[in-house]
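Have a look at the structure below before the remarks.
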Amino acid sequence: MVLCMAVFAISLWVIASPESLVQTIQLFGNSTLNLLVMDASVQVGISGALISGFIFFISAMGLYGAVTGSQFLLFMYGTLVILMMLLECALLYYFSSNITEKGLQEQDGFINHALRVQFRCCDLSNT
Numbered sequence: 432m433v434l435c436m437a438v439f440a441i442s443l444w445v446i447a448s449p450e451s452l453v454q455t456i457q458l459f460g461n462s463t464l465n466l467l468v469m470d471a472s473v474q475v476g477i478s479g480a481l482i483s484g485f486i487f488f489i490s491a492m493g494l495y496g497a498v499t500g501s502q503f504l505l506f507m508y509g510t511l512v513i514l515m516m517l518l519e520c521a522l523l524y525y526f527s528s529n530i531t532e533k534g535l536q537e538q539d540g541f542i543n544h545a546l547r548v549q550f551r552c553c554d555l556s557n558t
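Per the working numbering, residue 432 is the first one in the sequence shown, and the count goes up by one each step.
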């Protein structure tokens, strides 16, 4: 629950002030993270806030169900955890099969650029 609250707070920080986040990342010197956050910072903040809020709701439901002994809340908690696990497995299969079948495409140029900057190799003159 604490991790969800921390992710939610950082997500709100990203939404409210993306420039200060970029300055903080530059202070720590991680250029790859800086490249990934600069372009889609508001979308990353919104998705992080939504996902962390949903997971916090599920964990609070499980905690409250365990404390009060409510069978309904524990059943819903278990059902949502199993559904999240199935969704995670489906997404993992979808993305891993896509990568193995197609390899790196032209649309992956941003990811390739971030990898080149991080590993300091291959075509540094274009960075």
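For every residue, glycine included, the Cβ atom is placed at its ideal position computed from N, Cα and C.
_Contact between the segment 488 to 495 and the segment 504 to 520 is defined here as three or more beta-carbon pairs at a separation below 8 Å; is this criterion met?_
Contact between the segment 488 to 495 and the segment 504 to 520 is present, because at least three Cβ pairs lie under 8 Å.
*Within 8 Å (strictly less), CB to CB, does V512 reach chain C?*
No chain C appears in this structure, which consists of one protein chain only.
*What number of angstroms, rounded off, separates the C-alpha of C552 from the C-alpha of L546?*
Within the sequence shown, numbered from 1, the residue matching residue 552 stands at position 121. Within the sequence shown, numbered from 1, the residue matching residue 546 stands at position 115. Those two C-alpha atoms are separated by around 9 Å.
*Does DSSP classify R547 as helix, strand or coil?*
Along the sequence shown, one-based indexing puts residue 547 at 116. If DSSP states are grouped into helix, strand and coil, R547 belongs with the helices.
*Best match in T499, P449 and A497 for proximity to V475 [C-alpha to C-alpha]*: Residue 475 sits at position 44 when you count from the first residue of the sequence shown. Restricting attention to T499, P449 and A497, the CA atom closest to the CA of V475 is found in P449.
*Which whole-angstrom value describes the C-beta separation of V453 and G479, a residue pair presumed to lie in contact below a C-beta threshold of 8 Å?*
Taking the sequence shown and counting its residues from 1, the one referred to as residue 453 is at position 22. Taking the sequence shown and counting its residues from 1, the one referred to as residue 479 is at position 48. Not a contact, Cβ separation roughly 16 Å.
*G500 by DSSP, collapsed to three states: which one?*
Stepping through the sequence shown from its first residue, residue 500 is reached at position 69. If DSSP states are grouped into helix, strand and coil, G500 belongs with coil.
*Return the CA-CA distance between F488 and H544, expressed in angstroms with no decimal places.*
Start at 1 with the first residue of the sequence shown, and residue 488 comes out as number 57. Start at 1 with the first residue of the sequence shown, and residue 544 comes out as number 113. Those two C-alpha atoms are separated by around 37 Å.
*What does a CB cutoff of less than 8 Å around C435 pick up in its chain, not counting 5 residues either side in sequence?*
Residue mapping note: residue 435 aligns to position 4 of the sequence shown, counting from 1. Cβ within range, chain order: S483, G484, I486, F487 and S490.
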